[in-house]
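>
2 protein chains.
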Amino acid sequence: MPTTNEYIQLIEESLKNTGIPNSPEELYKPIQYILGLGGKRIRPLLTLMSAGFFSPVIETAMPAAMAIEIFHNFTLLHDDIMDKADIRRGKPTVHKIWGENTAILSGDAAMILAYEQLNRLPEKFLCPVMKVFNQTALQVCEGQQLDMNFEKRNNVQLHEYLEMIRLKTSVLLAASMKIGGICAGADNTNLNYLYEIGLGLGMAFQLQDDYLDTFADEIKFGKTIGGDIINNKKTYLLISALNSENKNLVKELKKWIEMPEFDRAEKINAIKNIYCETGVNNDIQLAAIGYINNAVEVLNQIDTVAQAKKPLEEILFSLMYREK
Amino acid sequence: MPTTNEYIQLIEESLKNTGIPNSPEELYKPIQYILGLGGKRIRPLLTLMSAGFFSPVIETAMPAAMAIEIFHNFTLLHDDIMDKADIRRGKPTVHKIWGENTAILSGDAAMILAYEQLNRLPEKFLCPVMKVFNQTALQVCEGQQLDMNFEKRNNVQLHEYLEMIRLKTSVLLAASMKIGGICAGADNTNLNYLYEIGLGLGMAFQLQDDYLDTFADEIKFGKTIGGDIINNKKTYLLISALNSENKNLVKELKKWIEMPEFDRAEKINAIKNIYCETGVNNDIQLAAIGYINNAVEVLNQIDTVAQAKKPLEEILFSLMYREK
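Chains as they are written, first to last, in the numbering used here: chain A, 1 to 324; chain B, 325 to 648.
(1) Any beta carbon from chain B within less than 9 Å of GLY185 (chain A)'s own beta carbon?
(2) Nearest to VAL296 (chain A) by alpha carbon, out of A:GLN9, A:GLU116, A:GLY200?
(3) Is LYS254 (chain A) helix, strand or coil when you go by DSSP?
(4) Going by other Cβ atoms of all chains shown within 10 Å of its Cβ, with 16 needed for buried, is PHE317 (chain A) buried or exposed?
(5) For TYR321 (chain A), does the count of other Cβ atoms within 10 angstroms reach 16, so buried, or fall short, so exposed?
(6) What does the Cβ neighbour count give for PHE54 (chain A), buried or exposed, with the cut at 16 atoms within 10 Å?
(7) By the DSSP assignment, the alpha helix (DSSP H) with SER500 (chain B) in it spans what residues?
(8) For ILE411 (chain B), count the other beta carbons within 10 Å of its own beta carbon; 16 or more makes it buried, fewer makes it exposed. Which is it?
(9) State yes or no: is the C-beta of ILE392 (chain B) within less than 9 Å of the C-beta of LEU462 (chain B)?
(10) Measure the CB-CB distance between TYR517 (chain B) and GLN631 (chain B) and report whether it falls below 9 Å.
(11) Taking its Cβ as the centre, do 16 or more other Cβ atoms sit within 10 Å of LYS324 (chain A), making it buried, or is it exposed?
(12) Determine the closest residue to HIS402 (chain B) out of A:LEU167, A:ASP108, A:GLN145, A:ALA65, with distance taken between C-alpha atoms.
(13) Between the region 375–389 of chain B and the region 325–334 of chain B, do three or more beta carbon pairs fall short of 8 Å?
(14) 9 Å is my cut-off, CB to CB: does ASN473 (chain B) come that close to chain A?
(15) Compare the C-beta of ASP303 (chain A) with all C-beta atoms of chain B and state if any pair is closer than 9 Å.
(16) Rounded to whole angstroms, what's the CA-CA distance from GLY414 (chain B) to GLU218 (chain A)? Just pull it up for me.
(17) Taking only the alpha-carbon atoms, compute the straight-line gap between ILE553 (chain B) and THR538 (chain B) and give it to the nearest angstrom.
(18) Quick check on ASP187 (chain A): buried or exposed, where buried means 16 or more other Cβ atoms within 10 Å of its Cβ?
(19) Using a beta-carbon distance below 9 Å, is MET386 (chain B) in contact with chain A?
(20) Who are the neighbours of PRO354 (chain B) on chain A, taking C-beta pairs under 9 Å?
(21) What is the DSSP secondary structure of ILE332 (chain A), counted as helix, strand or coil?
(22) Nearest-angstrom Cα distance between GLY614 (chain B) and ARG444 (chain B)?
(23) Indicate whether ALA612 (chain B) and GLY505 (chain B) have their beta-carbon atoms separated by less than 9 Å.
(24) Given this structure, state the Cα-to-Cα distance separating LEU361 (chain B) from ASN134 (chain A), to the nearest angstrom.
(25) CA-CA distance, VAL629 (chain B) and GLY550 (chain B)?
(26) Could you give the distance in angstroms between the alpha-carbon of ILE284 (chain A) and the alpha-carbon of ALA241 (chain A)?
(27) What residue from B:MET501, B:LEU536, B:ASN556 has the CA that sits closest to LYS547 (chain B)'s CA?
(28) At a CB distance below 7 Å, what residues from the region 79–113 of chain A approach chain B? Give them in sequence order.
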């Protein structure tokens with residue numbers, strides 16, 4: 001059974017051998033660039049680990065793992081245009097370097113390359129994997145659309161926010177696991193378990209992301225905190241705090257949100273205090289831990305040897321204590 | 325054997341029943357909008373006709389026909405952003421109505437919906453159809469990239485232009501036919517014939533488009549002519565004329581191209597005259613007819629009853645005399 005690091009090595013090697021064309025350079029170089037920026041490769045890792053639960057031949061799942069990682073990078077390419085993001089993983093975004101048109105078109109090509117990877121799967125897995133992949137890919141688009149819609153709304157409710165992050169983030173982690181299982185011949189019960197674990201992992205991951213954007217130690221976190229607060233981003237924290245029963249704190253929070261000009265550090269500090277006083281800083285962590293606990297329980301149900309589960313258990317536990 | 329009109333009816337009906345979701349509205353409405361703008365449906369038509377050459381059960385090819393039409397509309401959605409086009413089929417473009425972000429994301433969703441259609445094919449056809457579809461889809465992106473590259477270059481050669489339109493336009497028509505053949509169980513020889521016919525049809529179609537943009541009768545054509553001339557677009561006509569041996573005409577042509585300000589009608593007339601005097605207006609039509617003649621010859625080789633070929637023959641011949 002490979003270790004997490006061995007899995008990652010297999011993934012990096014395979015990514016180098018996906019055979020992305022070279023010409024025209026303007027089309028394919030941005031894809032190589034964004035894939036080369038790294039990242040944790042969590043999605044293909046989940047695919048391979050899930051396949052490993054049910055089959056010793058995890059290579060069968062590799063094309064699906066590649067498809068998912070390439071698809072994920074495609075979403076980053078297009079999301080960065082839509083979100084006008086200048087920096088991705090500490091480097092300039094594709095549209096900043098090559099312009100929006102190139103970022104649109106390279107993203108399109110990346111999505112097609114993802115499907116080209118899927119088409120390398122054994123014939124019997126192609127249709128069931130495509131079914132999960134397509135449904136998930138559409139949901140990711142739906143999540144991004146909801147996220148954009150929320151920017152223009154002032155009455156976003158917590159359940160709507162949770163549904164948005166389920167679609168935008170969690171379903172792809174869930175599908176990564178389920179697809180790994182499909183490629184290893186897992187039965188439906190186990191496939192559903194895999195999906196549920198991935199979903200929980202995704203929810204916890206996103207909630208932790210929200211938490212860390214506000215409460216992380218800047219040095220350990222490795223990036224500036226408070227971006228969500230400055231941009232009045234409707235995260236779990238903000239939405240929950242706005243629903244607090246302490247009307248004075250809600251009033252103060254609204255004052256800060258509506259303030260056209262402010263001192264950056266002052267606003268961050270003030271809102272952090274409100275989050276702590278309303279207790280939503282604890283609520284969000286409890287919510288994340290709830291998802292993780294559920295995922296761990298479901299993982300226990302999965303019909304495979306304890307040793308195979310270990311790397312995934314480590315990922316789940318590390319999420320609870322992650323600082324970056 | 326269905327007539328062309330009956331094929332079109334089947335296609336329109338099937339497009340209405342593709343089950344495009346409704347929510348979130350911002351994501352899916354633009355897809356329904358662009359699919360609803362109509363168009364000649366030439367690609368799905370070619371798919372069904374090609375299937376009809378080899379099998380009476382053309383319904384088998386319908387999901388592929390839908391996938392190709394949806395994919396084509398996805399390319400229109402994204403191309404219109406990149407080309408900053410305001411009007412498509414006489415109506416405002418998606419990004420003009422809903423904004424660029426929506427057009428990007430709806431386009432992405434449309435591409436996924438196309439693959440969802442492919443996944444409805446019988447299992448044995450899925451992999452071979454995906455192979456042609458993916459390769460073609462990438463080529464279409466490559467063609468669009470070359471087209472954008474050409475805008476910034478002043479030394480585009482005729483063979484480069486022909487390669488660009490082969491990728492941007494022709495391969496999708498070629499794939500439409502080949503995929504129809506695959507779904508009807510045609511052998512490799514016939515599949516290659518189908519591909520070649522589609523390729524020729526696409527080349528002729530694009531060259532005719534270039535010709536008509538300059539030389540059509542505005543009333544019969546139904547839209548303003550001369551757009552390519554005004555924008556100095558590097559079409560077959562412009563590139564050929566710039567390579568003319570008549571150095572005086574080339575000099576005059578360059579003068580018009582470089583002129584920063586001009587009277588629209590005057591420029592159109594002057595360049596039309598240069599095209600006629602250099603004879604490139606004839607060259608382009610001869611080139612188009614050459615492609616059509618070749619396609620007709622290849623069609624003769626195809627192993628099916630003469631009656632089945634009739635609707636396609638009509639399309640090929642109508643192209644030669646098309647005025648809109």
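The beta carbon of each residue, even a glycine, is placed where N, CA and C say it ideally should be.
Taking the definition as stated:
(1) Taking the first residue of the first sequence as position 1, residue 185 (chain A) is located at position 185. No, GLY185 (chain A) does not count as interfacial toward chain B.
(2) Locating residue 296 (chain A) in the first sequence gives position 296, counting from the first residue. Ranking the options by Cα distance to VAL296 (chain A), first place goes to A:GLY200.
(3) Indexing the first sequence from 1 puts residue 254 (chain A) at position 254. Reduced to three states, the DSSP call for LYS254 (chain A) is helix.
(4) Here residue 317 (chain A) is taken as the residue at index 317 of the first sequence, counted from 1. Exposed: under 16 other Cβ atoms inside 10 Å.
(5) Counting from one through the first sequence, the residue named residue 321 (chain A) turns up at place 321. Exposed, because fewer than 16 other Cβ atoms sit within 10 Å of the Cβ of TYR321 (chain A).
(6) Sequence index remark: in the first sequence, residue 54 (chain A) carries index 54 (1-based). Buried, by the Cβ-count rule.
(7) Here the question's residue 500 (chain B) lines up with position 176 in the second sequence. 495–506 is the extent of the alpha helix (DSSP H) around SER500 (chain B).
(8) For the purposes of this step, residue 411 (chain B) is taken as the residue at position 87 of the second sequence. Classification of ILE411 (chain B): exposed, given that the 10 Å Cβ count is below 16.
(9) To locate residue 392 (chain B), count along the second sequence from 1; it is residue 68. To locate residue 462 (chain B), count along the second sequence from 1; it is residue 138. No.
(10) Residue mapping note: residue 517 (chain B) aligns to position 193 of the second sequence, counting from 1. Residue mapping note: residue 631 (chain B) aligns to position 307 of the second sequence, counting from 1. No, they are not a contact pair.
(11) Within the first sequence, the letter at position 324 stands for residue 324 (chain A). Its pLDDT being 47, under 50, LYS324 (chain A) is placed unreliably in this model, and the coordinates cannot settle the point.
(12) Sequence index remark: in the second sequence, residue 402 (chain B) carries index 78 (1-based). Nearest C-alpha to HIS402 (chain B): A:ASP108.
(13) yes
(14) As a working note, residue 473 (chain B) is residue 149 in the second sequence. By this cut-off, ASN473 (chain B) is an interface position.
(15) Locating residue 303 (chain A) in the first sequence gives position 303, where the first residue counts as 1. Answer no: the Cβ-Cβ gap between ASP303 (chain A) and chain B never drops below 9 Å.
(16) Indexing the second sequence from 1 puts residue 414 (chain B) at position 90. Indexing the first sequence from 1 puts residue 218 (chain A) at position 218. GLY414 (chain B) and GLU218 (chain A): Cα-Cα distance of roughly 54 Å.
(17) In the second sequence, residue 553 (chain B) corresponds to position 229, counting from 1. In the second sequence, residue 538 (chain B) corresponds to position 214, counting from 1. In a straight line, the C-alpha of ILE553 (chain B) is about 7 Å away from that of THR538 (chain B).
(18) Counted from its first residue, the first sequence places residue 187 (chain A) at position 187. Looking at its Cβ environment, which holds fewer than 16 other Cβ atoms inside 10 Å, ASP187 (chain A) is exposed.
(19) Reading the second sequence from its first residue, position 62 is the one you call residue 386 (chain B). Closer than 9 Å: no.
(20) In the second sequence, the residue the question calls residue 354 (chain B) occupies position 30. Within 9 Å Cβ-Cβ: nothing; PRO354 (chain B) doesn't reach chain A, min ~11 Å.
(21) The first residue shown for chain A is 1 and the last is 324, placing residue 332 (chain A) beyond what the model contains.
(22) Start at 1 with the first residue of the second sequence, and residue 614 (chain B) comes out as number 290. Start at 1 with the first residue of the second sequence, and residue 444 (chain B) comes out as number 120. Cα to Cα, GLY614 (chain B) sits roughly 38 Å from ARG444 (chain B).
(23) Looking up residue 612 (chain B) in the second sequence gives position 288. Looking up residue 505 (chain B) in the second sequence gives position 181. No, these two residues do not count as a Cβ contact at 9 Å.
(24) As a first step, residue 361 (chain B) must be located in the second sequence, where it is residue number 37. As a first step, residue 134 (chain A) must be located in the first sequence, where it is residue number 134. Approximately 25 Å between the Cα atoms of the pair.
(25) In the second sequence, residue 629 (chain B) corresponds to position 305, counting from 1. In the second sequence, residue 550 (chain B) corresponds to position 226, counting from 1. C-alpha separation (whole angstroms): 43 Å.
(26) Along the first sequence, read from residue 1 onward, the residue named residue 284 (chain A) stands at position 284. Along the first sequence, read from residue 1 onward, the residue named residue 241 (chain A) stands at position 241. Each residue's alpha carbon lies about 11 Å from the other.
(27) What you label residue 547 (chain B) is simply residue 223 of the second sequence in a count that begins at 1. Checked all of B:MET501, B:LEU536, B:ASN556; the closest Cα to LYS547 (chain B) is B:LEU536.
(28) ILE81, MET82, ASN101, ILE104, LEU105, ASP108, ALA109, MET111, ILE112
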